[in-house]
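> Line order of the protein sequences matches chains A and B.
Mapping the first sequence onto this note's numbering, position 244 (from 1) lands on 445, and the numbers just tick up by one.
Mapping the second sequence onto this note's numbering, position 4 (from 1) lands on 205, and the numbers just tick up by one.
There are 2 protein chains.
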Amino acid sequence: MDIADFRDKILKQDRRALARAITLVESARADHRAQASELLEALRGAGKQSLRIGLSGTPGVGKSTFIESFGMMLTASGLRVAVLAVDPSSARSGGSILGDKTRMEFLSRDPNAFIRPSPSQTHLGGVARRTREAVALCEAAGFDVVLIETVGVGQSETVVAEMSDLFLLLLAPAGGDELQGVKRGIMEMADIILVNKADGDLKTTAMRTCADYAGALRLLRKRPQDPQGFPKAMTVSAVEKAGLETAWEEMTTLINWRRETGHWDQRRAQQASFWFHEEVKQGLLARLQQGEAKEAIAALETRVATGDVTPSAAADSVLRILNISAR
Amino acid sequence: MDIADFRDKILKQDRRALARAITLVESARADHRAQASELLEALRGAGKQSLRIGLSGTPGVGKSTFIESFGMMLTASGLRVAVLAVDPSSARSGGSILGDKTRMEFLSRDPNAFIRPSPSQTHLGGVARRTREAVALCEAAGFDVVLIETVGVGQSETVVAEMSDLFLLLLAPAGGDELQGVKRGIMEMADIILVNKADGDLKTTAMRTCADYAGALRLLRKRPQDPQGFPKAMTVSAVEKAGLETAWEEMTTLINWRRETGHWDQRRAQQASFWFHEEVKQGLLARLQQGEAKEAIAALETRVATGDVTPSAAADSVLRILNISAR
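If you want it as structure tokens, here you go:
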């Protein structure tokens, strides 16, 4: 493979080369990994900084319809949009390539849009690395906006938030007890909460839901990276394409403020540092899944839970096997 | 040191022996650690399961006054109460032994109460281990309730929640924008939110604050370990000793439900497992703070933040030094 040629094609926004490059970074084969590293190194610093938007929403909130409508609005205004997905469950559901393309019928045929489903990896750490590399490839290919969507399984919101400049939480209208659906801690990450389906019979409910979340957001501590009024909650209707322009204006306001105040660069640098440490940690902790250490942990697990041995004493045994003296 | 004698004294609720034992588990000296391990092993399974109550509250919410009033109420009803603290910042403030004792003037002189300040350790992992061991010693010494308080610096709430059967969040009354003081994610841990200072001029504000938090709690997802109506928010006045009986009744209701449904035992087993894995992880990750790995990380840190090298490539270099092949 000619890396220089590959690099040039991606920089020239060749969609087929981009798709092939993403396949390359998703591969677990050793020779593919080596080529992927070489390609990423060749592309480092080239291209542009896209606006990376993380988007989380549980199934049923209308995430695909939102991405379709929102993406079409962006491409209509001349922006190039890439859509990536982080879904650690997609390996189980047998991949969702066809699903993603048919779910976004118009956007998938838009020459200014590029849609890529989640890599089929069960391990979230693996998905995270591949997705970060795919984002880097999309930036090299000159996309203005990279949307990274997740269904919010386990820790996947954190993974997406840590590779985004802006994090959106998409919610459905709900009344009373149904409101309990938001995972604790996820509001920590949201820059903007969008209550979708503010149309037809659900419009009033959507507005009330939005007011409830706006109230809840006000109870939380102000973050240094937010200008006055953020994080905020808004209503949209993906089906009726209502509220999308306003939502985009709010995103632009937030992002411009962060750029001007230096929070954008700071966040990018922090994210790079986060992933550096994270990969070192994960690589090191992977040792616990191997050989003697794995066996010792499995053997001690039950004894710890039943109180047969203290957690500290059990941990010391494992660390001795790994040839690391106890603290 | 005669461990058997030491053990017997603790089981006989000898307060001086308990205090000496806690000093022993707090020591970093290798011979002390060995003795501490031997003592803890000798006491394992002895004594009783105390009710471990975690309590978090920022400075100014009246935490000491609350512990004093709440603790006195418990001892008056015949219960023996131990108070431990997790405060990673206490090493900086030069320890708070005198502070804790004078802050709780009556409780500290109550023969059925035992107050112990936070160990002077800057490393939260160290504080966590010592506090868990101190809790085990208090259980062996037959305390009915062990209150573990934290000021909520960084991750200390998580540490306290993971060693508690019940987690209380103490808040002060606040109006409008002042409400933003709750750290995102901490509501995840709270079983009961207590809005303190529901007395005098602040009474109305406290009730409104309580209603606001009750509303916010209802927006969060129901947890399997909660009976109907939990987590909940209530008002108390530590100064006027109002609402404390009701709060204790609610705690008893919650805990009895958890005991009957098996969630109590399940949580204890999960916590033991959590600390086992946590200590193995921390012990292994401590390798990154040593020798060549430490130097490599420091050297790569800036290059990663400036985009001079990708996080993945930098991580691979570090893992090669640790003789661990990259994923």
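Ideal placement from N, C-alpha and C gives every residue a C-beta, glycine not left out.
Note that this is a predicted model, so its numbers are computed, not measured.
#1: Please list, in chain order, the chain A residues whose beta carbon lies closer than 7 Å to that of B:Ala515.
#2: Classify B:Ala205: buried if its beta carbon has 16 or more other beta carbons within 10 angstroms, exposed otherwise.
#3: In three-state DSSP terms, what is A:Thr447?
#4: With DSSP run on the structure shown, which of helix, strand or coil describes A:Ile309?
#5: At 7 Å on the CB atoms, spell out the chain B contacts of A:Ser474, in chain order.
#6: Taking only the alpha-carbon atoms, compute the straight-line gap between A:Arg488 and A:Ala494 and give it to the nearest angstrom.
#7: Go ahead and pull the three-state DSSP assignment for A:Ser526.
#8: Here's a check: name, in chain order, each residue in its chain whose Cβ is nearer than 7 Å to the Cβ of A:Ala235, leaving out the five neighbours to either side.
#9: If you measure beta-carbon to beta-carbon, which residues of the region 241-257 of chain B are closer than 8 Å to chain A?
#10: Does the beta carbon of A:Leu420 sit closer than 7 Å to a beta carbon anywhere in chain B?
#11: For the candidate residues B:Arg460, B:Val437 and B:Ala515, whose alpha-carbon lies nearest to that of B:Phe267?
#12: Quick one: using the 10 Å Cβ neighbour count with 16 as the cut-off for buried, is A:Ala277 buried or exposed?
#13: What residue ranges within the region 424-499 of chain A form continuous alpha helix (DSSP H) runs of no fewer than 4 residues, ordered along the chain?
#14: Around the C-beta of B:Glu306, are 16 or more other C-beta atoms found within 10 angstroms, so that it is buried, or is it exposed?
#15: Give the secondary structure of A:Leu252 by DSSP, where H, G and I count as helix, E and B as strand, and everything else as coil.
#16: Quick one: what does DSSP say B:Thr224 is sitting in, helix, strand or coil?
#17: Could one say the Cβ of B:Gly484 lies closer than 7 Å to chain A's Cβ atoms, at least one of them?
#18: Run the CB neighbour count on A:Lys398, radius 10 Å, all protein chains shown included, and call it buried at 16 or more, exposed below.
#19: Any Cβ of chain A within less than 7 Å of the Cβ of B:Leu225?
#20: Which ranges would you report for the alpha helix (DSSP H) in the region 387-427 of chain A if only whole runs of at least 4 residues count?
#21: Given 8 Å as the limit, is there contact between the region 364-376 of chain B and the region 250-264 of chain B, that is, 3 or more CB pairs closer than that?
#22: What residues in its chain sit with their C-beta under 6 Å from that of A:Arg504, if we drop five residues either side in the sequence?
#23: Let me know the secondary structure DSSP gives A:Glu363 once reduced to three states.
#24: Should B:Glu480 be flagged as near chain A, meaning a C-beta pair shorter than 7 Å?
#25: Is there a Cβ from chain A that is less than 7 Å from the Cβ of B:Lys512?
#26: Can you give me the Cβ contacts of A:Glu479 inside the same chain, cut-off strictly under 7 Å, excluding the 5 residues immediately before and after it?
#27: Would you identify the three-state DSSP class for A:Ala292, choosing helix, strand or coil?
#28: Any contact between the region 506-521 of chain A and the region 237-249 of chain B? By contact I mean 3 or more CB pairs, one from each, below 8 Å.
#29: Out of B:Asp517, B:Leu225, B:Ala470 and B:Val440, which has the shortest C-alpha to C-alpha gap to B:Pro320?
#30: CB A:Val440 to CB A:Asp400, shorter than 7 Å?
#31: For chain B, find out if any of its Cβ atoms is closer than 7 Å to the Cβ of A:Ala417; answer yes or no.
#32: Which of helix, strand or coil does DSSP assign to B:Leu280?
#33: Which residue wins for smallest C-alpha separation from A:Ile498, given the options A:Ala514, A:Asp392 and A:Met202?
#34: So what does B:Ile349 bridge to, in DSSP terms?
#35: State buried or exposed for B:Thr312, treating a residue as buried only when at least 16 other CB atoms are found within 10 Å of its CB.
The answer reads as follows:
#1: Residues of chain A passing the Cβ test: Phe477.
#2: It is exposed - the Cβ of B:Ala205 has fewer than 16 other Cβ atoms within 10 Å.
#3: Helix, per DSSP.
#4: The amino acid at residue 309 of chain A is misidentified as Ile; the sequence shows Ser. If DSSP states are grouped into helix, strand and coil, A:Ser309 belongs with the helices.
#5: Here the neighbours are Glu502, Val505 and Ala506.
#6: Roughly 8 Å separates the two Cα atoms.
#7: Residue placement at A:Ser526 is poorly supported in this model, since its pLDDT is 48, which falls under 50; the coordinates still yield a value, given next. In the structure shown, A:Ser526 adopts coil according to DSSP, grouped into three states.
#8: Excluding five sequence positions before and after A:Ala235, none of the CB atoms of its chain fall closer than 7 Å to its own CB.
#9: Within the region 241-257 of chain B, the residues whose Cβ lies closer than 8 Å to some Cβ of chain A are Leu241, Glu242, Arg245 and Gly246, listed in chain order.
#10: With respect to chain B, the C-beta atom of A:Leu420 has a partner C-beta closer than 7 Å.
#11: Answer by Cα proximity: B:Val437.
#12: Here A:Ala277 is exposed. Its C-beta has fewer than 16 other C-beta atoms within 10 Å.
#13: The region 424-499 of chain A contains these whole alpha helix (DSSP H) runs: 445-462 and 464-486.
#14: Counting C-beta atoms within 10 angstroms of its own C-beta, B:Glu306 has fewer than 16 neighbours from the protein chains shown and is therefore classed as exposed.
#15: Correct three-state label for A:Leu252: strand.
#16: Helix at B:Thr224.
#17: Judged by the 7 Å Cβ criterion, B:Gly484 is in contact with chain A.
#18: Its Cβ being crowded by 16 or more others within 10 Å, A:Lys398 is buried.
#19: No, no contact with chain A.
#20: Runs of alpha helix (DSSP H) with 4 or more residues, each lying fully within the region 387-427 of chain A, are found at 404-419, listed in chain order.
#21: Result yes; three or more Cβ-Cβ pairs closer than 8 Å.
#22: The residues are Val510.
#23: DSSP places A:Glu363 outside both helix and strand once states are collapsed to three, so it counts as coil.
#24: Interface residue, yes.
#25: According to the sequence as given, residue 512 of chain B is Pro; it is not Lys. Under the 7 Å criterion on CB atoms, B:Pro512 is classed as interfacial with respect to chain A.
#26: Beyond the five residues adjoining it in sequence on each side, A:Glu479 comes within less than 7 Å, by CB distance, of no other residue in the same chain.
#27: Here the model assigns A:Ala292 a pLDDT of 43, short of 50, so the residue's position is not dependable and the matter cannot be decided.
#28: Contact between the region 506-521 of chain A and the region 237-249 of chain B is present, because at least three Cβ pairs lie under 8 Å.
#29: Comparing Cα-Cα distances from B:Pro320 to each of B:Asp517, B:Leu225, B:Ala470 and B:Val440, the minimum goes to B:Leu225.
#30: Against a cut-off of 7 Å, the Cβ pair of A:Asp400 and A:Val440 comes out as a contact.
#31: Closer than 7 Å to the CB of A:Ala417 there is at least one CB belonging to chain B.
#32: In the three-state DSSP reduction, B:Leu280 falls in the coil class, being neither helix nor strand.
#33: The shortest C-alpha separation from A:Ile498 is found at A:Ala514.
#34: In DSSP, B:Ile349 forms a bridge with B:Gly255 and B:Leu285.
#35: According to the sequence as given, residue 312 of chain B is Pro; it is not Thr. Exposed.
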